[in-house]
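*Asks:* In the working numbering, the protein residues as written are 1 to 199.
Structural data, given as structure tokens:
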């Protein structure tokens, strides 16, 4: 309210709770986006903007009128049961503010899609490049290519080199720290890759 120079004579918390069914997610999203678009130019420009992506699933109690079946998990210890949602958040490490957030029903959780959507929604500041830092749930070749195509940079954390993750097929040194360049050929079918290698 201070940010938009509004008066502090607003309804009480109880009044808000009684009318919360009227507050649509689109309204909160619009306020969030408007706040960020006005606050972003206030900071002095920098060469790089560091945006960290992470996700978290959390449970909440609700009524069916407020949360659809897509969020419903099970009854548990409650007659009404409990619900889960997955939060994908993009955090600006220098400004200490959230740059974006996407909520997904637990049964439709897709961190790869959410990451690409958040990359699409970021404003490009003149003379500034975004560097996206992603946790393991966001590490995929598609997300890497998506950031490269947008002209920005990335750094992803991936699963251990001994796992079946992205780096599991590389012949990497057994040292604690190393830096090396690898070449990756992306194809839709492994059989096509083998045919191309033989031909």
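Note that beta-carbon positions come from the ideal geometry of N, C-alpha and C, so glycine has one too.
Whose CA, out of 5, 15, 124 and 21, lies closest to the CA of residue 37?
*Replies:* Sorting 5, 15, 124 and 21 by C-alpha distance to the C-alpha of residue 37 places 124 at the top.
*Asks:* Alpha carbon to alpha carbon, how far is residue 73 from residue 113? Give it in angstroms, no decimals.
*Replies:* 22 Å
*Asks:* Going by CA-CA distance only, name the one from 169, 67 and 144 that's closest to residue 157.
*Replies:* 144
*Asks:* Under a Cβ-count criterion, where at least 16 other Cβ atoms within 10 Å of its own Cβ denotes burial, should residue 60 be classed as buried or exposed?
*Replies:* Residue 60 should be labelled exposed.
*Asks:* Straight-line CA distance for residue 69 to residue 103?
*Replies:* 15 Å
*Asks:* Quick one, are the C-beta atoms of residue 88 and residue 71 less than 8 Å apart?
*Replies:* no
*Asks:* Give me the DSSP bridge partner(s) of residue 74.
*Replies:* 82
*Asks:* Give me whichever residues DSSP pairs with residue 105 in a beta bridge.
*Replies:* Beta-bridge pairing links residue 105 to 85.
*Asks:* Determine the extent of the beta strand (DSSP E) in which residue 129 is found, giving its start and end residues.
*Replies:* 129–134
*Asks:* Tell me which same chain residues have a C-beta within less than 8 Å of the C-beta of residue 142, skipping the five on either side of it?
*Replies:* Cβ neighbours of residue 142 beyond the five flanking positions: 112 and 116.
*Asks:* Could you compute how far the alpha carbon of residue 39 sits from the alpha carbon of residue 188?
*Replies:* 42 Å
*Asks:* Report the option in 140, 120, 81 and 45 whose CA atom is closest to the CA atom of residue 186.
*Replies:* 140
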